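Colleague: To start, I am sharing the structure in question, which I have written as structure tokens.
Number of protein chains: 2
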Amino acid sequence: MLPNINIQVNANTHIKDPNSSELGQKIVATSIEMIDELGYEHFNFRKLGKQIGSSEASIYRYFESKSKLLLYLTGWYWGWMEYKLLIRLTNIESPADRLIRSIKLLTEITEDDSIFLHVSEKRLQRIVIAESSKAYLNKEVDNENQFGVFSDYKRLVGKVSDIILEINKNYRYPHMLVSTVIEGSHLQRHFAKHLPRLTDVDQNEDLITAFYIELVKKALNLK
Amino acid sequence: MLPNINIQVNANTHIKDPNSSELGQKIVATSIEMIDELGYEHFNFRKLGKQIGSSEASIYRYFESKSKLLLYLTGWYWGWMEYKLLIRLTNIESPADRLIRSIKLLTEITEDDSIFLHVSEKRLQRIVIAESSKAYLNKEVDNENQFGVFSDYKRLVGKVSDIILEINKNYRYPHMLVSTVIEGSHLQRHFAKHLPRLTDVDQNEDLITAFYIELVKKALNLK
DNA sequence: GCAAATATAATAGTAATACTTTCAATTATG
DNA sequence: CATAATTGAAAGTATTACTATTATATTTGC
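Top line first, the protein sequences correspond to chains X and H.
Sequential numbering from 0 applies to the first sequence in numbering that gives the first Met the number 0.
Sequential numbering from 0 applies to the second sequence in numbering that gives the first Met the number 0.
Printed below as a string of structure tokens:
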């Protein structure tokens, strides 16, 4: 346990910081379980309230809407990824190595090796894979974007893009490459499970990570 | 007008073929306009009925649900794309040329040069970009997939993957590459409009198509 | 040209959802 | 210990996604 480490999520995703109380933490932990199991559409605050033995109205005092809760969870995930990235790149000098390690982290299945989490990282990753795009694929995106609710994601993409520019400062598509890899690998994980004809799966190997690493290397003429 | 050409969409997306009546065609044409303008979430059959001067219940005789209508529209789009692909590849011999032409078609902004459409292709493409993933990012996907409602999309991905295998029969990720390019280019279009820090945009050039063509060429060591 | 089948309109209704409001009870804080 | 802040309980609202019913058109088969 490292109680002094805390993932900071953009404040406009929540009314009241869920870290500040037991109820808030329970809302977050239990909503991750429930969204993973029911899916975002079938999940609601009434069911969540019932599960944690609390009232619907109390949940609304932490999150103004179901979509803000989703934004909080995804923001938390990207913050957590950024922290993991920091650790994985510590003492790695070569920009090419740093990039490949980053791509690996961003495309791999997360393990539940969390040092301070009361919640399952694996579940949260499944939520990000299956649900996170619903947070920006709507007509409210511009409005919400003004309030910075996507900033955690953008910052992470920016950091990896910077490594690309270190390798080749003339490369024209650093952000496109990174967001293509992140979102692409999520989609491929979903396809592998549900629409396998859209991907190329293998029981024994993680071809998804292998594919994106190869793609990035070739895009940048590495190795 | 080529009245003898008709895009066939998987029959499990609709109860009654909307091509078979004037009302059916009006449902399709008007729903495209309205989903494009309101977004999938704010669109519903009551509003659609009002717009076309018809009753909600009548629409339900063509489509059993809002999500089936979305599946019909996207299925139609992929069928239409397959037809366009057929034309664009006619008389082109070289597999590499065929592939690049395919990638171009799949990543470009569609023009309204339709020869038989009563509806806007551009609008439909915007719907596919912003809404189509909602059709499979849910807990119902396996159920619906059983009934073949995604077959039009899979078939198209399969065809382009076959071109890749013609170029290099040992390439391990043909489907992954194609679905990454299609879905990736859609996402980048969305990001360019709403979350530009996640992409690399330029007012004057179509960098999205350029990026994916370069990506594919490098992935397969072309040119 | 007319009966029978089919398609559509009109209307009302249902269960669920995404919140909101109010007020009382509880708990934390200074 | 008093005051403020938090939570619970309960009821209520507007909307949505869809169903059911019945009446009226429209098409089709003969």
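Backbone N, C-alpha and C fix where the C-beta goes; we use that ideal spot for every residue, glycine too.
Keep in mind that this is a model prediction, so the values were computed, not measured.
#1: Could you pull the start and end residues of the alpha helix (DSSP H) that L72/H belongs to?
#2: Please tell me whether E81/X has its Cβ less than 7 angstroms away from any Cβ of chain H.
#3: Whose C-beta lies closer than 7 angstroms to the C-beta of S93/H among residues of the same chain, with five residues either side of it excluded?
#4: Counting beta carbon pairs with one atom in the stretch 127 to 134 of chain H and one in the stretch 131 to 148 of chain X, are three or more of them shorter than 8 angstroms?
#5: Expressed to the nearest angstrom, what Euclidean distance is found between the alpha-carbon atoms of I108/H and E204/H?
#6: Quick check: the stretch 162 to 180 of chain H against the stretch 187 to 198 of chain X, are there 3 or more CB pairs under 8 angstroms?
#7: Relative to the ligand PLP, is the shortest distance from any of its heavy atoms to the C-beta of T12/X smaller than 6 angstroms?
#8: Is there a Cβ of chain H sitting closer than 7 angstroms to that of L214/X, yes or no?
#9: Might you give, ordered along the chain, the residues of its own chain that have their beta carbon closer than 8 angstroms to the beta carbon of T89/X, omitting 5 neighbours on each side?
#10: Determine whether the beta carbon atoms of Y71/H and H13/H lie at a separation below 7 angstroms.
#11: Along the chain, where does the alpha helix (DSSP H) that runs through D254/H open and close?
#12: Assuming S54/H and L22/H are in contact, meaning their beta carbons sit under 8 angstroms apart, how far apart are those beta carbons, in whole angstroms?
#13: State whether the stretch 147 to 166 of chain H contacts the stretch 190 to 202 of chain X, with contact taken as three or more CB pairs (one from each stretch) at a distance under 8 angstroms.
#14: If we define contact as Cβ-Cβ less than 7 angstroms, is F42/H a contact residue for chain X?
#15: Compute the beta-carbon to beta-carbon distance between L123/H and I31/H, rounded to the nearest angstrom, for a pair I have assumed lies under 8 angstroms.
#16: Go through its chain and collect everything with a Cβ distance to D161/H's Cβ below 6 angstroms, but skip five positions before and after it.
#17: Taking just the CA atoms, how far does N18/H sit from K121/X?
#18: Got a sec: is the Cβ-Cβ distance from M175/H to anything in chain X below 7 angstroms?
#19: So N137/X packs on G183/H, CB below 8 angstroms; how close in whole Å?
#20: Is the Cβ of A28/X closer than 7 angstroms to any Cβ of chain H?
#21: How close, in whole Å, do the beta carbons of K103/H and I181/H come, if the pair is a contact with beta carbons under 8 angstroms?
#22: Could you have a look at G183/H and say whether DSSP puts it in helix, strand or coil?
#23: Identify whether F42/H lies in helix, strand or coil by the three-state DSSP scheme.
#24: Identify whether N142/H lies in helix, strand or coil by the three-state DSSP scheme.
#25: Since V27/X is in the alpha helix (DSSP H), which residue starts that stretch and which ends it?
#26: So for V215/H, helix, strand or coil by DSSP?
#27: Using the beta-carbon of each residue, which ones in chain X are nearer than 7 angstroms to K25/H?
#28: Assuming contact is defined by CB atoms lying nearer than 7 angstroms, are I51/H and T29/H in contact in what I supplied?
#29: Is there a Cβ from chain X that is less than 7 angstroms from the Cβ of N9/H?
#30: Mapping DSSP to helix, strand and coil, what is A191/H?
#31: Quick one: list the residues of chain X neighbouring K158/H, beta-carbon separation under 9 angstroms, in chain order.
#32: Please list, in chain order, the chain X residues whose beta carbon lies closer than 8 angstroms to that of Q187/H.
#33: Taking all protein chains shown into account, do 16 or more other C-beta atoms lie within 10 angstroms of the C-beta of A218/H, making it buried, or fewer, making it exposed?
#34: Alpha carbon to alpha carbon, how far is D111/X from N220/X?
#35: What does the alpha-carbon distance come out to for the pair F62/H and D16/H?
#36: Based on Cα-Cα distance, which residue from R171/H, A10/H, H41/H, I128/H lies nearest to T198/X?
Modeller: This is what the structure holds:
#1: For the purposes of this step, residue 72/H is taken as the residue at position 73 of the second sequence. Note, L72/H: alpha helix (DSSP H), 65 to 88.
#2: Along the first sequence, read from residue 1 onward, the residue named residue 81/X stands at position 82. No, no contact with chain H.
#3: Indexing the second sequence from 1 puts residue 93/H at position 94. So the list is empty, once near-sequence residues are dropped.
#4: yes
#5: To locate residue 108/H, count along the second sequence from 1; it is residue 109. To locate residue 204/H, count along the second sequence from 1; it is residue 205. One C-alpha to the other measures close to 12 angstroms.
#6: yes
#7: Ligands are entirely absent from the displayed structure, and the ligand PLP is therefore not among its contents.
#8: Start at 1 with the first residue of the first sequence, and residue 214/X comes out as number 215. Yes, L214/X counts as interfacial toward chain H.
#9: For the purposes of this step, residue 89/X is taken as residue 90 along the first sequence, with counting starting at 1. Here the set comprises nothing.
#10: Residue 71/H sits at position 72 when you count from the first residue of the second sequence. Residue 13/H sits at position 14 when you count from the first residue of the second sequence. Yes, Cβ-Cβ distance for Y71/H and H13/H is below 7 angstroms.
#11: Nothing in the structure corresponds to residue 254/H, since chain H is present only between 0 and 222.
#12: Translated into the one-based positions of the second sequence, residue 54/H becomes position 55. Translated into the one-based positions of the second sequence, residue 22/H becomes position 23. No, S54/H and L22/H are not in contact; Cβ-Cβ is about 10 angstroms, not under 8 angstroms.
#13: yes
#14: As a first step, residue 42/H must be located in the second sequence, where it is residue number 43. For F42/H, the answer is no, since every Cβ of chain X falls outside 7 angstroms of its Cβ.
#15: In the second sequence, residue 123/H corresponds to position 124, counting from 1. In the second sequence, residue 31/H corresponds to position 32, counting from 1. With 8 angstroms as the limit, L123/H and I31/H qualify as a contact, their Cβ atoms being about 5 angstroms apart.
#16: By one-based count along the second sequence, residue 161/H stands at place 162. Contacts found: none.
#17: As a first step, residue 121/X is located in the first sequence; it is residue number 122 there, counting from the start. As a first step, residue 18/H is located in the second sequence; it is residue number 19 there, counting from the start. Taking the straight line from one Cα to the other gives about 45 angstroms.
#18: What you label residue 175/H is simply residue 176 of the second sequence in a count that begins at 1. Yes, contact with chain X.
#19: In the first sequence, counting from the first residue as 1, residue 137/X sits at position 138. In the second sequence, counting from the first residue as 1, residue 183/H sits at position 184. Actually they do not touch by this definition, with Cβ atoms about 20 angstroms apart.
#20: Taking the first sequence and counting its residues from 1, the one referred to as residue 28/X is at position 29. Closer than 7 angstroms: no.
#21: Position 104 of the second sequence, counted from the first residue, corresponds to residue 103/H. Position 182 of the second sequence, counted from the first residue, corresponds to residue 181/H. Actually they do not touch by this definition, with Cβ atoms about 12 angstroms apart.
#22: Against the second sequence, residue 183/H aligns to sequence position 184. G183/H falls in the helix class under three-state DSSP.
#23: Here residue 42/H is taken as the residue at index 43 of the second sequence, counted from 1. Looking at F42/H - three-state DSSP - the assignment turns out to be coil, as it is neither helix nor strand.
#24: What you label residue 142/H is simply residue 143 of the second sequence in a count that begins at 1. In this structure, N142/H counts as helix in the three-state DSSP scheme.
#25: The residue you call residue 27/X lines up with position 28 of the first sequence. Per DSSP, V27/X belongs to the alpha helix (DSSP H) from 21 to 37.
#26: Position 216 of the second sequence, counting from 1, holds the residue named residue 215/H. Residue state, collapsed to three classes: helix.
#27: Against the second sequence, residue 25/H aligns to sequence position 26. Going along chain X, no residue has its Cβ under 7 angstroms from K25/H, so there is no contact; the nearest lies around 24 angstroms.
#28: Translated into the one-based positions of the second sequence, residue 51/H becomes position 52. Translated into the one-based positions of the second sequence, residue 29/H becomes position 30. Contact: yes.
#29: Numbered from its first residue, the second sequence carries residue 9/H at position 10. No, N9/H lies away from the interface with chain X (no Cβ there is under 7 angstroms from its Cβ).
#30: On the second sequence, position 192 is the one that residue 191/H refers to. Here DSSP, grouped into helix, strand and coil, assigns A191/H to helix.
#31: By 1-based counting over the second sequence, the position of residue 158/H is 159. None at all; the shortest Cβ gap to chain X is about 12 angstroms.
#32: Indexing the second sequence from 1 puts residue 187/H at position 188. Going along chain X in sequence order, the residues near Q187/H (Cβ under 8 angstroms) are M175, S178, T179.
#33: Residue 218/H sits at position 219 when you count from the first residue of the second sequence. With 16 or more other Cβ atoms inside 10 Å of its own Cβ, A218/H counts as buried.
#34: Here the question's residue 111/X lines up with position 112 in the first sequence. Here the question's residue 220/X lines up with position 221 in the first sequence. Taking the straight line joining both Cα atoms gives about 34 angstroms.
#35: Position 63 of the second sequence, counted from the first residue, corresponds to residue 62/H. Position 17 of the second sequence, counted from the first residue, corresponds to residue 16/H. Annotation: F62/H to D16/H spans about 9 angstroms, alpha carbon to alpha carbon.
#36: Along the first sequence, one-based indexing puts residue 198/X at 199. Ranking R171/H, A10/H, H41/H, I128/H by Cα distance to T198/X puts R171/H first.
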